[in-house]
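Visitor: Take this structure first; my questions come after.
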Amino acid sequence: MSQSGNQPKHLVVVGGGMVAQRLVEALRARDGAGAWRISVFAEEAAKPYDRVALTSYFSARDPEELTLGDPELWEDPLVTLHRDCAITTIDRDSHQVTDRLGRTHHYDELILATGSSAAMPPIPGNDLPGVFVYRTIDDVAALRGWVEDKRAAAGKGRSTDFERPVRGAVIGGGLLGLEAAGALKALGAQATVIQFGTHLMDAQIDLGGGQALKRLINDMGIAVRTDTATAQLRPSRRSGHVGRLDFVDGGRLDVDVVVVATGVRPRDELARAAGLDIGERGGAVVDLDCRTQDPHVWAVGEVACIEGRCIGLVAPGYAMAEVVADRLLGGKATFPGADTATKLKLQGVDVASFGDAFARTEGAMELVWADPVAGVYKKLVLSDDARTLLGGVFVGDASPYASLRPMVGSELPGDPGAFLLPESTGGGAASLELPDAATVCSCNNVTAGTIRAAVTEHACTDVAGVKACTKAGTSCGSCLPLVKKLTTTELERAGVEVSGALCEHFDLSRAQLFDAVRVAELHTFSEIIGRFGAVGTLGSVSAASAEVPDGVGPGRGCDICKPVVASILASLGNGHILDGEQATLQDTNDHVMANLQKDGTYSVVPRIPGGEITPDGLLVIGQVAKDFGLYTKITGGQRIDMFGARIEQLPQIWRRLVEHGFESGHAYGKSLRTVKSCVGSTWCRYGVQDSVGMAVELELRYRGLRSPHKLKLGVSGCARECAEARGKDVGVIATDKGWNVYVGGNGGFTPRHAQLLAEDLDSRALIRTIDRFLMYYIRTADRLQRTAPWIEDVEGGLDGVREVIMNDSLGIAADLDTAMAAHVGNYEDEWRAVLEDPEKLRRFGSFVNAPATADPDLAYVPERGQIRPATEAEREAAAETGAPVLIAGATLAVRS
Amino acid sequence: MSTTASTATAADEASTAVGRWVRVCLLHDLAVERGAAALVDGDQIALFRLPDDSVRAVQQRDPYSGANIMSRGIVGTRQGRPTVAAPMYKQVFSLETGACLDPVGYTPLDPAQANLRTFPVRVTDGVVQVGLLDGAAEPAA
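For the protein sequence lines, the chains are E and V, in the order given. First residue of the first sequence: 1, per UniProt numbering; consecutive thereafter. First residue of the second sequence: 1, per UniProt numbering; consecutive thereafter.
Structure follows, in structure tokens:
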């Protein structure tokens, strides 16, 4: 491609999916000279999103969470994203495309990235209401809406319908079908998977793996019928909606909803209409440079028919995007061939396959290890001399996948069987040394050599640096454990001690510092940094003061180590967090005991234990919010947040709240937040235990407990799990016999389901178990490490944690119990204590020389009956016109 | 530590151009290593009292969020020199020069103004005064 003139050439990308996003990202990253201006035409209204993670949309309704890559990509002046704007025709002769609004656009180069659509097999009845496909955010949203409507209808229906769950079926037992079945379960519907072939996921795994997978899927409450063809879908006589599946073998299944997931078809209509060559089974035919027969038209991703076939996986699509980006800038890249390795996790079940999973290579040998009881099936495919790895299948435990997949084509060191045995029996891949050429991150095509070079040549010193430098692990993340291991190994090899150091002031990790402070019985930051601070922090001044440049004083901590020490001191019980020097360690939220918002005001959250509140309590909160002009919103943790409180108003607001029996909700702290509950057996007709009572007890027990990160708990009164307890750090679910306790769940950026720690505990045993779990976590976790990654880091993982707290394997259980008892005994409401102490109240003045004056820059506009901070544009408009659209620093009559 | 002369180099240089000194508060009103906001001639200023009882002053407005919050950041040191971390997005600024030492991946609202404006400060007989550049008369109290 020539560097012609100054005017950038115009690249038109038809389609706005994952591969299109990757192409734009790759081209913009490399086209520093600005040779290309890019227009992307996307059919969907959403920005390019992570279709692979579509199922997570069920747990996280916010489509923004699925957004791919850096959103700033779409702010780039050389990139224009036209959403909800499909291209309808291509005129190759005049180099023009027409969009659905009838506008024409000239292109220099054209890229087809139209992807696939869900295939709908020609089964009679496939157009009935209640039959869905599973491909886009809209599909998923429609499915969710349908299931929720059906459930509501069942609730209102005749008494015979009363307790009937929504019945779902998924036609297709491949990867997408299982995702869809998991989604139905997540929506509270029953799910039956109908598979035409002999076993589940038959495109990726062999019969043995499929059978193991079926057992695991059954264990989750999902039914599976294999070798079953669907003859027709029949409507319900009453509703006209889909009501029954009839199978070719004469069987039937009553249903309320059907998801068809039998495969995808390339969206090649535009390519056909434009007269481009089409593959035998569809798709625009391209060469290994991803170009069609028209030198100015390219195709990438699932619509491209490359090496004679279309590939329905994202990694090969990404590879094609990289090829085209390179070619557009004059490079000579070619498609490296499809890596069809797959690894997925469906509600905790690992399934992975890679390489020659079906042992089709001449003379290939299969080495199988199966544990039907545990639901584990592992297979390696080896060359005829049993030395070179050709492929493999893992079901139930895919832990060897990340290290073995890059070894395809290489000789395995030692006994290959060792890779299949569980680690506890001496197996495991601990000694594996990857060749430099082995691909570690297949999404971004990063090799082990590149990762090593990031450490040795580019001076990366941690995983975050390696990720930024190489892009490894930035897409699906499944290779991150391996990236971490390679990075650590390489750092150690280079003589760099892999440091858990907090910051320049402390060489210790948080856990080490916690122990040090606890054992040495230190109580102030000055003592702690004096005793355990990094060499050179204090020492440099006293020992070598002659060489210290002017103005350099002793290290006094920073925004990293100070809050850590604050948290440690609080966890060890050192009085009020604003006592003496402790106050200087607190982040602004802890310092004023409220949550900083974008305009510098704060939000206030009183504790509402278990989410249970009296009508009088609601009136108090409502009246306080009204009197101080605060915006109110219900939080995800079943309490009420009041926004827009100025720093000098906080004591007045809390005086009112405390007067009426409220106390701090610690929404501002790295501490226990809430214990969420469903209504439980006291009211609910399904509840088997008093979940609200237990939630209130737990919340009052652990309130104010400082921890390495925020802590959330949940209690559900039966297995229906309405409190979403498995999304919490500690989830308690009632059983007929007592309580099951799950640990390590969280929402947020990396959602995790909690795992079962212990079953059928009585209330006392439950509380003792949680006491020890929390205290063990507080003592040993890293800074800002939530419970899920902490459990992974504990030696032995969840089993290791269980040994320590259920079987006292370290002999520390009594110590943990004592520490928690001390916390419970010493609790006091932080806000009440502040209101009683004039010295502490002085911290809440707005200005040291005008303590009651409001920040004059605050400005608000009304919205939906409340206020919100004015935007920059609104401020400017108001300043120009002088119009009184702003409510400035609302001053309302309050009693003090 | 009660005479003129907080030791800030920047403040010393700037003080040569100070038009007038405005009394803000008593040293005693400021907590060590914890900032306080002040209104000086309509300007919002963040004051920081360091362990050696010297006082530093920077603008209260956080260049990265636009909110008036710098006084509420955590005070610390980098290589022995005093810093404050913005409480909103945690950028670290030098309390001596106002320079942003670590943007932690963010860009300021106005890319030309990533740093904090500093103000000369002196402590005389326990009274904290901030130096202003103009020569206007001190407003009546």
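For each residue, glycine too, the CB sits at the ideal point set by N, CA and C. Quantities reported herein were computed from a predicted structural model and do not represent experimental measurements.
#1: For the candidate residues V:V127, V:R122, V:R117 and V:T83, whose alpha-carbon lies nearest to that of V:Q44?
#2: Using only the alpha-carbon positions, how far apart do E:A877 and E:I867 sit?
#3: Just verifying my parser: in three-state terms, what is the DSSP assignment at E:S681?
#4: Is the separation between the beta-carbon of residue 957 of chain E and that of E:G717 shorter than 9 Å?
#5: Quick check on V:Q79 - is its C-beta less than 9 Å from some C-beta in chain E?
#6: Would you mind sorting E:P856 into buried or exposed? The rule is 16 or more other CB atoms within 10 Å of its CB.
#7: Strictly by DSSP, which residues pair up with E:K343?
#8: So within the stretch 590 to 668 of chain E, which uninterrupted beta strand (DSSP E) runs reach at least 3 residues, ignoring any that extend past its ends?
#9: Name the residues in the stretch 22 to 36 of chain V whose C-beta lies less than 8 Å from a C-beta of chain E; which are they?
#10: Taking the C-alpha atoms as reference points, what is the distance between residue 910 of chain E and V:Q113?
#11: I need the straight-line Cα distance from E:T780 to E:F514, nearest angstrom please.
#12: Starting from E:M365, follow the beta strand (DSSP E) in both directions and report where the run begins and ends.
#13: Does the contact criterion of 3 or more C-beta pairs under 8 Å hold for the stretch 411 to 421 of chain E versus the stretch 378 to 388 of chain E?
#14: Flag V:Q44 as yes when its Cβ comes closer than 8 Å to any non-hydrogen atom of the ligand NAP, and as no otherwise.
#15: I'd like to know whether the C-beta atoms of E:T787 and E:D729 end up nearer to each other than 9 Å.
#16: Measuring alpha carbon to alpha carbon, tell me which residue in E:C441, E:T489 and E:K598 is nearest E:C460.
#17: Which of helix, strand or coil does DSSP assign to E:E179?
#18: Hey, does V:G98 have any beta-carbon neighbour from chain E nearer than 9 Å?
#19: With a 10 Å radius around its C-beta and 16 neighbouring C-beta atoms as the bar for buried, classify V:G19 as buried or exposed.
#20: Determine whether the Cβ of V:L118 lies closer than 9 Å to any Cβ atom of chain E.
#21: Name, in chain order, the residues that DSSP records as bridge partners for E:V79.
#22: Buried or exposed, going by whether 16 or more other CB atoms sit within 10 Å of the CB of E:I634?
#23: Are any of the Cβ atoms in chain V nearer than 9 Å to that of E:D559?
#24: Would you please verify whether the beta carbon of E:N849 is less than 9 Å from any beta carbon of chain V?
#25: Counting only Cβ-Cβ distances shorter than 9 Å, please list the residues of the stretch 583 to 614 of chain E near chain V, keeping chain order.
#26: Can you give the Cα-Cα distance for E:Q7 and E:V79, rounded to whole angstroms?
#27: For E:V297, tell me which candidate among E:L54, E:L11 and E:L619 has the shortest Cα-Cα distance.
#28: If contact is defined by three or more beta carbon pairs under 8 Å, each pair taking one atom from either stretch, is the stretch 638 to 658 of chain E in contact with the stretch 833 to 846 of chain E?
#29: Can you name, in chain order, every residue of its own chain whose Cβ lies under 7 Å from the Cβ of E:G600, other than the five neighbours on each side?
#30: For V:A67, which of E:T881, E:E880, E:A870 and E:R726 has the nearest alpha-carbon?
#31: Tell me, which residues are paired with E:I90 by DSSP?
#32: Between the beta-carbon of E:V351 and the beta-carbon of E:P406, is there less than 9 Å?
#33: Using a 10 Å radius around the Cβ and a threshold of 16 neighbouring Cβ atoms, would you call V:V104 buried or exposed?
#34: Within this structure, are the beta carbons of V:P82 and E:G665 separated by less than 9 Å?
#35: Would a check of beta-carbon distances place E:E490 closer than 9 Å to chain V?
#36: Just verifying my parser: in three-state terms, what is the DSSP assignment at E:D202?
Guide: Reading from the atomic positions:
#1: Here residue 44 of chain V is taken as the residue at index 44 of the second sequence, counted from 1. It is V:R117 whose Cα lies nearest to the Cα of V:Q44.
#2: Walking along the first sequence from the start, residue 877 of chain E turns up at place 877. Walking along the first sequence from the start, residue 867 of chain E turns up at place 867. If you take the alpha carbons of E:A877 and E:I867, they lie about 18 Å apart.
#3: Counting from one through the first sequence, the residue named residue 681 of chain E turns up at place 681. Correct three-state label for E:S681: helix.
#4: A query on residue 957 of chain E cannot be resolved here, the shown segment of chain E reaching from 1 to 896 and no further.
#5: On the second sequence, position 79 is the one that residue 79 of chain V refers to. Answer yes: the Cβ-Cβ gap between V:Q79 and chain E drops below 9 Å somewhere.
#6: Taking the first sequence and counting its residues from 1, the one referred to as residue 856 of chain E is at position 856. Exposed.
#7: If you number the first sequence from 1, residue 343 of chain E lands on position 343. Answer is E:A352.
#8: 602 to 604, 631 to 634 and 640 to 645
#9: V24, C25, D29, L30, A31, V32, E33, R34 and A36
#10: Here chain E has residues from 1 to 896 only, and residue 910 of chain E is not among them.
#11: If you number the first sequence from 1, residue 780 of chain E lands on position 780. If you number the first sequence from 1, residue 514 of chain E lands on position 514. Spanning the two alpha carbons is a distance of roughly 8 Å.
#12: Against the first sequence, residue 365 of chain E aligns to sequence position 365. That run of the beta strand (DSSP E) goes M365 to D371.
#13: yes
#14: For the ligand NAP, the structure offers nothing, since it holds no ligand at all.
#15: Here residue 787 of chain E refers to the residue found at position 787 of the first sequence. Here residue 729 of chain E refers to the residue found at position 729 of the first sequence. Yes, they are a contact pair.
#16: Mapped onto the first sequence, residue 460 of chain E falls at position 460. The candidate whose alpha carbon is nearest that of E:C460 is E:T489.
#17: Taking the first sequence and counting its residues from 1, the one referred to as residue 179 of chain E is at position 179. Three-state result, E:E179: helix.
#18: Against the second sequence, residue 98 of chain V aligns to sequence position 98. Output row for V:G98: interface = no.
#19: The sequence position of residue 19 of chain V within the second sequence is 19, counting from 1. It is exposed - the Cβ of V:G19 has fewer than 16 other Cβ atoms within 10 Å.
#20: The residue given as residue 118 of chain V occupies position 118 in the second sequence. Here residue 118 of chain V is Thr; the residue named in the question, Leu, does not match the sequence. Answer no: the Cβ-Cβ gap between V:T118 and chain E never drops below 9 Å.
#21: By 1-based counting over the first sequence, the position of residue 79 of chain E is 79. Note: E:V79 sits in a beta bridge opposite E:I38.
#22: As a position in the first sequence, residue 634 of chain E is number 634, starting the count at 1. Burial call: exposed.
#23: If you number the first sequence from 1, residue 559 of chain E lands on position 559. Yes - at least one Cβ of chain V is within 9 Å of the one on E:D559.
#24: Looking up residue 849 of chain E in the first sequence gives position 849. Closer than 9 Å to some Cβ of chain V, the Cβ of E:N849 qualifies, so yes.
#25: A583, T584, L585, Q586, D587, T588, N589, H591, V592, L596, Q597, K598, D599, G600 and T601
#26: On the first sequence, position 7 is the one that residue 7 of chain E refers to. On the first sequence, position 79 is the one that residue 79 of chain E refers to. Approximately 15 Å between the Cα atoms of the pair.
#27: Residue numbering aside, residue 297 of chain E sits at position 297 when the first sequence is read from its first letter. Ranking the options by Cα distance to E:V297, first place goes to E:L11.
#28: yes
#29: Residue 600 of chain E sits at position 600 when you count from the first residue of the first sequence. Closer than 7 Å at Cβ, skipping near neighbours: D855.
#30: Along the second sequence, one-based indexing puts residue 67 of chain V at 67. Looking at the Cα atoms, E:A870 is the closest of the given residues.
#31: Taking the first residue of the first sequence as 1, we reach residue 90 of chain E at position 90. DSSP output for E:I90 lists E:V97 as bridge partner(s).
#32: Stepping through the first sequence from its first residue, residue 351 of chain E is reached at position 351. Stepping through the first sequence from its first residue, residue 406 of chain E is reached at position 406. It is not a contact, given that the beta carbons lie outside the stated cut-off.
#33: Numbered from 1 along the second sequence, position 104 holds the residue referred to as residue 104 of chain V. Exposed, by the Cβ-count rule.
#34: If you number the second sequence from 1, residue 82 of chain V lands on position 82. If you number the first sequence from 1, residue 665 of chain E lands on position 665. Result no, Cβ atoms of V:P82 and E:G665 do not sit closer than 9 Å.
#35: As a first step, residue 490 of chain E must be located in the first sequence, where it is residue number 490. No, E:E490 does not count as interfacial toward chain V.
#36: Taking the first sequence and counting its residues from 1, the one referred to as residue 202 of chain E is at position 202. E:D202 falls in the coil class under three-state DSSP.
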